[in-house]
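Heads up: the sequence shown begins at 1 in our numbering, then just goes up one per residue.
Glycine included, each C-beta is placed from N, C-alpha and C at the ideal position.
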Amino acid sequence: GLADLLQKVPARPDTLYSICSISKLFTAVAILQLCDAGRLRLDDRIEDVVPGYNLTQAYADSGPITVRSLLTHSSGLPRESDYPYWTGPDFPFPDRTAIRAKLGEQKTLYPASTYHQYSNLGLTLLGEIVAARSGQPFERYIEDNILKPLRLTQTRTELPATLRGGQLATGYGARKRDGSREPQPFFQARGSAAAFGFSSTVEDLGRFASWQFRLLARGGTEILRAASLREMHRVQWLDPDWKRAWGLGFAVREESNRTIVSHGGSCPGYRTHLELDPKDEVAAIVMINASGAAPDKLAGGMRALLKKARDPGPKSKPPASVDLNAYAGRYDNQPWWGETAVVPWKGGLVTLALPSVDPKEDFTLWQHVQGDTFRRVRSDEALGEELRFERDNTGRVARVWRHSNYSNRLP
Numbered sequence: 001g002l003a004d005l006l007q008k009v010p011a012r013p014d015t016l017y018s019i020c021s022i023s024k025l026f027t028a029v030a031i032l033q034l035c036d037a038g039r040l041r042l043d044d045r046i047e048d049v050v051p052g053y054n055l056t057q058a059y060a061d062s063g064p065i066t067v068r069s070l071l072t073h074s075s076g077l078p079r080e081s082d083y084p085y086w087t088g089p090d091f092p093f094p095d096r097t098a099i100r101a102k103l104g105e106q107k108t109l110y111p112a113s114t115y116h117q118y119s120n121l122g123l124t125l126l127g128e129i130v131a132a133r134s135g136q137p138f139e140r141y142i143e144d145n146i147l148k149p150l151r152l153t154q155t156r157t158e159l160p161a162t163l164r165g166g167q168l169a170t171g172y173g174a175r176k177r178d179g180s181r182e183p184q185p186f187f188q189a190r191g192s193a194a195a196f197g198f199s200s201t202v203e204d205l206g207r208f209a210s211w212q213f214r215l216l217a218r219g220g221t222e223i224l225r226a227a228s229l230r231e232m233h234r235v236q237w238l239d240p241d242w243k244r245a246w247g248l249g250f251a252v253r254e255e256s257n258r259t260i261v262s263h264g265g266s267c268p269g270y271r272t273h274l275e276l277d278p279k280d281e282v283a284a285i286v287m288i289n290a291s292g293a294a295p296d297k298l299a300g301g302m303r304a305l306l307k308k309a310r311d312p313g314p315k316s317k318p319p320a321s322v323d324l325n326a327y328a329g330r331y332d333n334q335p336w337w338g339e340t341a342v343v344p345w346k347g348g349l350v351t352l353a354l355p356s357v358d359p360k361e362d363f364t365l366w367q368h369v370q371g372d373t374f375r376r377v378r379s380d381e382a383l384g385e386e387l388r389f390e391r392d393n394t395g396r397v398a399r400v401w402r403h404s405n406y407s408n409r410l411p
C-alpha cells in the first residue's frame with residue numbers, strides 16, 4: 001500500500017499512523033500503574049479524582065461513577081464532549097480548557113453501571129486523572145512511564161506534523177461513488193489525546209503486544225504488575241444483552257474457547273485495530289490510512305492464517321529434486337478475481353485468492369504428485385483435482401492450469 005497517494009510513498013512497517021482509540025489502551029495502562037502504586041483505586045468516585053468535575057447526574061438513584069466504570073465504558077457518561085469535532089472538513093477538536101468548561105452543561109445518558117456506552121469523554125477524563133494523581137502533564141507521564149521503558153520510540157501522544165506525507169501516512173476519506181478518496185486535513189486530538197490522540201507504527205504496537213505476552217508468561221512486574229494486566233484482560237463488564245463485554249480498557253470476547261482482547265480506532269482518514277490472543281501469544285495489528293475500511297475483519301483473517309500455519313496438519317514429502325520455490329508467485333485471475341498467490345507450505349503448496357474476504361477459507365493446500373503437477377488436499381486428507389504448472393522455453397514456470405483453464409504468472 002501507499003502512505004501517500006500523490007507522492008507514491010510506500011507504506012512500511014515503520015510508517016506512522018494515527019492509532020485513534022487504541023490510544024485508550026495506553027491511558028488504561030497508566031491508570032493501572034497508579035493503582036499499583038497506591039495513588040488511585042478502581043472504585044474511586046469520579047468527583048473525588050477529577051478536579052472540578054461538575055457534569056450533572058440525571059438519575060437520582062444512580063450508583064457512583066467510578067474509575068472502573070470509566071475504563072469499562074459503563075459510566076453512563078455521554079459519548080463525547082459537547083462539541084461537533086467529528087464533523088468535517090475542519091474537525092475542530094477542543095483543548096482541555098474547553099472540554100472542562102463544557103462539563104457543567106452536560107448530563108449523564110444512563111445511570112452508572114447500567115448499560116455499555118462507549119465514551120471518548122470518559123477516557124478523556126481518565127487522562128485528567130493521570131495528570132492529577134501523578135503530578136505530571138498526561139503526555140509527560142505516558143512518555144516517562146510507558147513509552148520509554150518499553151522502548152516504543154515511534155509512539156507519540158500526538159501526530160508529528162513535520163512527518164506528514166513522509167513517515168506519517170496521509171489520511172484519506174471513505175471511497176466515493178467514483179472510486180476516489182479525498183485526503184483528509186491534518187488534525188490533533190488536543191484535549192482528547194488520552195482517548196484518541198496517539199500515533200504509532202505496526203512495529204511499536206507489536207512491541208506493545210509482546211510486552212503483554214512476556215509479562216503474563218513471566219509474572220512479576222514490568223512497568224505494570226502481571227496481576228493488573230490480567231485484570232485488564234478479564235471481563236469486568238457484561239452488557240444486559242450478553243452481547244458486549246469489556247475489560248479494563250480492552251474489549252473482550254470469547255472465540256473458540258479462548259479469550260481475545262482488542263481495541264480499534266477510527267479518526268479522520270485512519271482506521272486501526274489491535275487484537276491479542278494471550279493464550280497462543282498471537283497479535284494482529286492492522287493500520288489503514290483510509291476511512292470506510294474494516295481493519296477488524298482483516299485482523300481476524302490474519303490470526304486465522306497464523307493458526308493454520310501453526311497447525312501441524314498433514315505434510316507431504318516431495319522428491320528432493322522438486323524446488324517448490326520455482327512455483328511461488330502471483331498468477332493473474334482477472335476478470336474473476338484479482339490474483340492467486342502460490343506459496344510453498346509444509347512440503348507442498350498453498351494457493352490463496354487475493355484480495356480475500358475470508359483468507360482462512362480461501363487457503364488451499366496442494367500435494368506434489370509428479371513432475372509439475374500437484375493435487376488438492378481435501379479436509380479429509382483425500383486428494384482432489386490437479387494443479388498443473390507449465391514452463392516456458394527457458395524452464396521458468398509461466399502458467400498454472402486448473403479445471404482445464406489457466407492463469408499466467410505475473411512479473
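Checklist entry - What is the DSSP secondary structure of residue 67, reduced to helix, strand or coil? => result helix
Checklist entry - What residues match up with residue 221 in a beta bridge as DSSP calls it? => result 225
Next on the checklist: Rounded to whole angstroms, what is the Cα-Cα separation between residue 190 and residue 351?
Outcome noted: 47 Å
Item to check | Neighbour-count burial assignment, residue 254, 16 or more Cβ in a 10 Å radius | outcome: exposed
Checklist entry - Residue ranges of each alpha helix (DSSP H) run of no fewer than 4 residues wholly in the segment 348-406, ordered along the chain? => result 359-362
Checklist entry - Below 8 Å, can you find three or more Cβ-Cβ pairs linking the segment 198-209 to the segment 127-140? => result no
Checklist entry - Which class does residue 408 belong to by DSSP, given the choice of helix, strand or coil? => result strand
Next on the checklist: Helix, strand or coil, according to DSSP, for residue 23 in the structure here?
Outcome noted: helix
Next on the checklist: So if DSSP puts residue 344 in a beta bridge, which residue, or which two residues, is it bridged to?
Outcome noted: 349
Next on the checklist: Quick test of the definition: if touching needs 3 or more C-beta pairs under 8 Å, does the segment 107-120 touch the segment 162-169?
Outcome noted: no
Checklist entry - Which two residues bound the contiguous beta strand (DSSP E) that contains residue 168? => result Per DSSP, residue 168 belongs to no beta strand (DSSP E) and is neither H nor E.
Next on the checklist: Using only CA atoms, which one of 347, 285, 406, 369 lies nearest to residue 335?
Outcome noted: 406
Checklist entry - Does DSSP put residue 264 in a helix, a strand or coil? => result If DSSP states are grouped into helix, strand and coil, residue 264 belongs with the strands.
Item to check | Pairwise C-alpha distance: residue 106 and residue 83 | outcome: 11 Å
Checklist entry - Taking the continuous alpha helix (DSSP H) assigned at residue 97, which residues delimit it? => result That run of the alpha helix (DSSP H) goes 96-103.
Checklist entry - Could one say the Cβ of residue 16 lies closer than 7 Å to chain D's Cβ atoms, at least one of them? => result The displayed structure is made up of one protein chain only, and chain D is not part of it.
Checklist entry - What are the boundary residues of the beta strand (DSSP E) that residue 200 is part of? => result 198-200
Checklist entry - Per DSSP, which one or two residues make a beta bridge with residue 270? => result 267
Checklist entry - How is residue 107 classed by DSSP in three states: helix, strand or coil? => result strand
Next on the checklist: Can you list, in chain order, the residues of its chain with a C-beta nearer than 6 Å to that of residue 324? Leave out the 5 residues immediately preceding and following it.
Outcome noted: 344
Item to check | Close-in-space but distant-in-sequence residues of the same chain around residue 41 (CB under 8 Å, 5 per side omitted) | outcome: Only 35, 67 meet the Cβ criterion.
Next on the checklist: Less than 7 Å between the C-beta atoms of residue 359 and residue 301, yes or no?
Outcome noted: yes
Next on the checklist: So within the segment 276-341, which uninterrupted beta strand (DSSP E) runs reach at least 3 residues, ignoring any that extend past its ends?
Outcome noted: Entirely contained in the segment 276-341, the beta strand (DSSP E) runs reaching 3 residues are, in chain order, 282-288, 329-332.
Checklist entry - Buried or exposed: residue 368, going by 16 or more other Cβ atoms within 10 Å of its Cβ? => result buried
Checklist entry - Helix, strand or coil: which one does DSSP assign to residue 11? => result Note: residue 11 maps to coil in three-state DSSP.
Checklist entry - From this set, 74, 143, 122, which residue's C-alpha is nearest residue 111's C-alpha? => result 74
Checklist entry - Near residue 150, which residues of its chain fall below 8 Å by C-beta distance, leaving aside the five closest residues on each side in sequence? => result 207, 208, 211, 223
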